[in-house]
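Following: one structure in structure tokens, then a few remarks.
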Amino acid sequence: MSDQVLENKPAIRTVRVLIQPTPRKIRVRFGGETVAESVKALIVHERGHLPVYYFPREDVRFDLLEPTDHSTHCPLKGDAAYWTIQAGGRVSENAVWSYPEAIPESKGLEGYIAFYWDRVDQWFEEEEEVFVHPRDPYKRIDFLPSTRHIRVELDGVTVAESRSPVISFETGQPVRYYLPESDVVSEYLLPSDTATRCPYKGIAAYHSVQIEGTEHKDLIWRYNEPIAAAKAIEGRLSFYNERVQIYVDGELEAVAKAERSVLDSIRLHIA
Numbered sequence: 003m004s005d006q007v008l009e010n011k012p013a014i015r016t017v018r019v020l021i022q023p024t025p026r027k028i029r030v031r032f033g034g035e036t037v038a039e040s041v042k043a044l045i046v047h048e049r050g051h052l053p054v055y056y057f058p059r060e061d062v063r064f065d066l067l068e069p070t071d072h073s074t075h076c077p078l079k080g081d082a083a084y085w086t087i088q089a090g091g092r093v094s095e096n097a098v099w100s101y102p103e104a105i106p107e108s109k110g111l112e113g114y115i116a117f118y119w120d121r122v123d124q125w126f127e128e129e130e131e132v133f134v135h136p137r138d139p140y141k142r143i144d145f146l147p148s149t150r151h152i153r154v155e156l157d158g159v160t161v162a163e164s165r166s167p168v169i170s171f172e173t174g175q176p177v178r179y180y181l182p183e184s185d186v187v188s189e190y191l192l193p194s195d196t197a198t199r200c201p202y203k204g205i206a207a208y209h210s211v212q213i214e215g216t217e218h219k220d221l222i223w224r225y226n227e228p229i230a231a232a233k234a235i236e237g238r239l240s241f242y243n244e245r246v247q248i249y250v251d252g253e254l255e256a257v258a259k260a261e262r263s264v265l266d267s268i269r270l271h272i273a
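According to our numbering, the sequence shown is numbered sequentially starting from 3.
Here it is in structure tokens:
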């Protein structure tokens with residue numbers, strides 16, 4: 003009887019590539035030119051990868067593109083053809099690709115064009131500039147004020163302690179604690195020139211921490227001018243949980259594993 007039940011179960015396979023339309027207007031700029039702009043773009047999720055925007059061919063400035071002999075093969079999408087961008091007296095080689103004859107799993111990509119995020123100058127969702135990668139529609143971030151007791155320890159020394167954190171709960175990422183600057187021991191802080199960008203928060207500045215002559219490079223970050231959706235953490239300091247010991251209401255926190263793709267953090271199957 004058990005064998006018969008197993009035989010009658012539908013076949014299940016894990017989704018490796020998820021292709022969906024996005025209602026947002028997406029714009030790409032390079033060399034002072036808008037190279038692509040569309041309200042009919044696709045957002046493509048792939049296990050182990052950040053999401054990628056694909057544009058309909060008709061919404062891409064092919065007068066600014068030059069085809070190249072470069073090609074690559076993806077087992078989940080097929081063979082890719084490439085173009086170089088030439089605009090404003092500048093060149094970005096093999097910055098654009100497409101799958102003219104995608105494999106069956108990814109047929110929805112035929113007729114669409116993608117850009118390497120870091121080989122163009124700017125990306126916009128509607129009129130807001132976006133950094134690093136597309137904002138994932140499956141990712142949620144809540145910035146919640148809290149009265150939980152947060153203590154941060156490094157090399158046996160308490161470097162921060164607060165009862166008024168703003169806690170960041172972000173899909174697929176460790177919980178982060180943003181503390182008032184006054185609750186971080188300033189004598190341990192060193193200036194840093196490092197800056198990073200986050201599509202969900204904006205541009206981050208950094209501090210290093212020095213304990214008894216040992217420097218811990220870029221251990222703390224802050225958003226001095228976050229995007230509107232992240233105003234709750236403006237000017238607050240957050241530590242890399244992975245590099246310090248964080249006690250929450252007296253209990254040592256176990257650090258969660260970060261997930262790169264939404265398909266890695268959710269279980270999505272189809273028959």
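Glycine is no exception: its CB is placed at the ideal position from the N, C-alpha and C atoms.
Tell me which same chain residues have a C-beta within less than 7 Å of the C-beta of residue i, skipping the five on either side of it?
{"i": "residue 167", "result": "148, 150, 152, 179, 180, 181"}
{"i": "residue 137", "result": "127, 201, 202"}
By a C-beta neighbour count over all protein chains shown, 10 Å radius and 16 as the cutoff for buried, is residue i buried or exposed?
{"i": "residue 240", "result": "buried"}
{"i": "residue 48", "result": "buried"}
{"i": "residue 146", "result": "exposed"}
{"i": "residue 75", "result": "exposed"}
{"i": "residue 25", "result": "exposed"}
{"i": "residue 203", "result": "buried"}
{"i": "residue 188", "result": "exposed"}
{"i": "residue 29", "result": "buried"}
{"i": "residue 218", "result": "buried"}
{"i": "residue 80", "result": "buried"}
{"i": "residue 59", "result": "exposed"}
{"i": "residue 142", "result": "exposed"}
Please identify the residue among the options whose C-alpha is closest to the C-alpha of residue i.
{"i": "residue 134", "options": "122, 128, 143, 144", "result": "122"}
{"i": "residue 144", "options": "82, 175, 73", "result": "175"}
{"i": "residue 96", "options": "132, 120, 77", "result": "120"}
{"i": "residue 32", "options": "22, 72, 93", "result": "93"}
{"i": "residue 51", "options": "20, 62, 212, 59", "result": "20"}
{"i": "residue 113", "options": "156, 62, 78, 142", "result": "62"}
{"i": "residue 206", "options": "56, 233, 126", "result": "233"}
{"i": "residue 213", "options": "200, 227, 190", "result": "190"}
{"i": "residue 117", "options": "162, 258, 37", "result": "37"}
{"i": "residue 215", "options": "228, 156, 57, 259", "result": "156"}
Short of 6 Å in beta carbon distance, which residues of its chain neighbour residue i, apart from the five on each side in sequence? Order them along the chain.
{"i": "residue 208", "result": "194, 196, 220, 223"}
{"i": "residue 249", "result": "153"}
Excluding five sequence neighbours on each side, which residues of the same chain lie with their C-beta closer than 8 Å to the C-beta of residue i?
{"i": "residue 18", "result": "48, 49, 78, 107, 265"}
Is the closest heavy atom of the ligand SAH to the C-beta of residue i under 7 Å?
{"i": "residue 220", "result": "The ligand SAH is absent from the structure shown, which contains no ligands of any kind."}
When you compare the segment 86 to 96 with the segment 57 to 69, are there three or more beta-carbon pairs, one atom per stretch, that lie closer than 8 Å? Touching, yes.
Any 3 or more C-beta pairs closer than 8 Å across the segment 100 to 110 and the segment 162 to 176: By the Cβ test, the segment 100 to 110 is not in contact with the segment 162 to 176, since fewer than three Cβ pairs between them sit closer than 8 Å.
Go through the segment 18 to 91 residue by residue and report every complete run of the beta strand (DSSP E) that reaches 3 residues or more, in order. 19 to 23, 28 to 32, 35 to 40, 44 to 48, 54 to 58, 67 to 76, 80 to 89
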